[in-house]
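The numbering of the sequence shown is my numbering, which starts it at 20 and goes up by one. Below is one structure, written out as structure tokens; the observations come after it.
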Amino acid sequence: MTRLNLKELVEQAPEPIKRQFLHRKHRNGSLILHPNESNDYLHILTKGTAEVYSQSYSGAMLSLYINKAYSCFGEIEIFDESLKSFGVVAKQNCETIAVHKTSVYEWMKADFNFTFFLIKQLASKVTFSSETTSQLSLLKLKERILISIHNHYKIGDLHALTKQVLASEVCAPLRSLNRSLAECKTEGLIQYESKKFSIPSVPELETYLEHYLLR
């Protein structure tokens with residue numbers, strides 16, 4: 020049986036399901052999905068690029084991955100009501116289709132290819148989460164710091180990052196954090212002036228992190 024991509028699956032969805040589609044537009048920088056909220060919808064990104072992030076208890080935003088056109092998010096929560104959503108922010112002007120979970124279930128019953136696609140998505144994200152946790156646990160403090168700073172750069176809030184938040188994210192006391200930050204500054208990988216972090220050369224930092232970045 021031919022496996023269809025998400026664009027083809029959307030185009031070939033049963034008409035009763037299509038009539039339940041909620042078409043939405045999102046401006047660059049706006050939230051498509053709020054973090055840590057209940058979510059009853061499968062969201063299909065049909066245009067643009069969106070960033071999926073988690074939010075720590077300190078309020079920091081940590082980038083997880085990038086969604087491009089005809090990818091989806093929210094599929095995990097619709098199968099487990101106890102799970103809360105990750106945040107999703109539009110990195111360009113975006114368009115999405117929101118499909119309520121009851122329609123998703125009907126769609127799955129009507130189209131095995133769609134069911135197969137969702138199962139692959141769920142398996143991929145569970146594997147990604149497990150590998151991410153495992154790999155991060157093996158990293159030294161310096162690499163954890165640089166990855167966190169790089170994540171904040173990607174999500175666009177590096178200007179708001181503080182040492183206290185960074186210490187919480189990398190699970191290190193301020194004294195250890197300061198020693199590693201001094202090393203990173205000496206190597207020219209980051210700057211910290213007037214209580215603001217910056218990255219002198221993003222390509223240079225990404226080259227340094229290429230063996231550590233998880234996606």
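Backbone N, C-alpha and C define an ideal beta-carbon position, used for all residues, glycine too.
Q: Put Y11 into one of helix, strand or coil per three-state DSSP.
A: The structure shown does not extend to residue 11, since the chain is modelled only from 20 to 234, so the question has no answer here.
Q. By Cβ distance below 6 Å, which residues in the same chain neighbour E58 in space, the five residues on each side in sequence not counted?
A. Locating residue 58 in the sequence shown gives position 39, counting from the first residue. For clarity, residue 58 is Asn in the given sequence; the question names Glu instead. In the same chain as N58, and ignoring 5 residues on each side of it, the C-beta atoms closer than 6 Å to its own belong to G93, E96, S104, in chain order.
(Q) Using the three-state DSSP reduction, which class does E206 fall into: helix, strand or coil? (A) As a position in the sequence shown, residue 206 is number 187, starting the count at 1. Secondary structure of E206 (DSSP, three-state): coil.
Q | Counterpart residues of C190 in DSSP-defined beta bridges | A | Within the sequence shown, residue 190 is the residue found at index 171, counting from 1. Answer is none; C190 lacks a bridge partner.
(Q) Can you list, in chain order, the residues of its chain with a C-beta nearer than 7 Å to that of A88? Leave out the 5 residues immediately preceding and following it. (A) Within the sequence shown, the letter at position 69 stands for residue 88. The beta carbon of A88 is closer than 7 Å to those of L64, T65, K66, G67 in its chain, skipping five residues each way along the sequence.
Q | Own chain residues within Cβ distance below 8 Å of V189, not counting five before or after | A | The count along the sequence shown starts at 1 and reaches residue 189 at position 170. By the criterion of a C-beta distance shorter than 8 Å, V189 is surrounded in its chain by L160, R163, I164, S167, L196, once the five residues flanking it on both sides are discounted.
**Q.** Identity of the residue in L180, E34, S220, G48 nearest C113 by Cα
**A.** Counting from one through the sequence shown, the residue named residue 113 turns up at place 94. It is G48 whose Cα lies nearest to the Cα of C113.
Q. Hey, H178 and I116: beta-carbon distance below 9 Å or not?
A. Counting from one through the sequence shown, the residue named residue 178 turns up at place 159. Counting from one through the sequence shown, the residue named residue 116 turns up at place 97. It is not a contact, given that the beta carbons lie outside the stated cut-off.
Q) What whole-angstrom Cβ distance do I36 and E125 have, given they're in contact under 8 Å? A) Translated into the one-based positions of the sequence shown, residue 36 becomes position 17. Translated into the one-based positions of the sequence shown, residue 125 becomes position 106. With a Cβ gap of about 6 Å, I36 and E125 count as contacting.
Q. Tell me the DSSP bridge mates of V108?
A. Translated into positions along the sequence shown, residue 108 becomes position 89. BP columns for V108 point to L50, E70.
Q | Own chain residues within Cβ distance below 7 Å of F136, not counting five before or after | A | In the sequence shown, residue 136 corresponds to position 117, counting from 1. So the list reads L25, L28, once near-sequence residues are dropped.
Q. For L158, which of helix, strand or coil comes out of DSSP?
A. As a working note, residue 158 is residue 139 in the sequence shown. Looking at L158 - three-state DSSP - the assignment turns out to be coil, as it is neither helix nor strand.
**Q.** Where the beta strand (DSSP E) containing L28 begins and where it ends
**A.** The residue labelled residue 28 in the question sits at position 9 within the sequence shown. Note, L28: premise wrong, no beta strand (DSSP E); alpha helix (DSSP H) at 25-30.
Q) Over what stretch of residues does the beta strand (DSSP E) that includes A117 continue unbroken? A) Along the sequence shown, one-based indexing puts residue 117 at 98. A117 -> beta strand (DSSP E) spans 113-119.
Q: Output the boundary residues of the alpha helix (DSSP H) element that contains K87.
A: Along the sequence shown, read from residue 1 onward, the residue named residue 87 stands at position 68. From DSSP, K87 is part of no alpha helix (DSSP H); its letter is neither H nor E.
Q: Reducing DSSP to helix, strand and coil, say where R38 ends up.
A: For the purposes of this step, residue 38 is taken as the residue at position 19 of the sequence shown. In this structure, R38 counts as coil in the three-state DSSP scheme.
**Q.** The alpha helix (DSSP H) enclosing P222, as first and last residue numbers
**A.** Mapped onto the sequence shown, residue 222 falls at position 203. Per DSSP, P222 belongs to the alpha helix (DSSP H) from 221-228.
Q: Output the distance between the C-alpha atoms of A109 and K44, rounded to the nearest integer angstrom.
A: Numbered from its first residue, the sequence shown carries residue 109 at position 90. Numbered from its first residue, the sequence shown carries residue 44 at position 25. Rounded to the nearest angstrom, the two C-alpha atoms are 10 Å apart.
Q) Just the Cα atoms here: how many angstroms apart are L193 and P222? A) The residue you call residue 193 lines up with position 174 of the sequence shown. The residue you call residue 222 lines up with position 203 of the sequence shown. Their backbone Cα atoms lie some 27 Å apart in a straight line.
Q. Does DSSP put L177 in a helix, a strand or coil?
A. Counting from 1 along the sequence shown, the entry for residue 177 is found at position 158. Note: L177 maps to helix in three-state DSSP.
**Q.** For L83 and S90, believed in contact at Cβ under 8 Å, the rounded distance
**A.** Locating residue 90 in the sequence shown gives position 71, where the first residue counts as 1. Locating residue 83 in the sequence shown gives position 64, where the first residue counts as 1. Cβ atoms of S90 and L83 stay farther apart than 8 Å, at about 13 Å.
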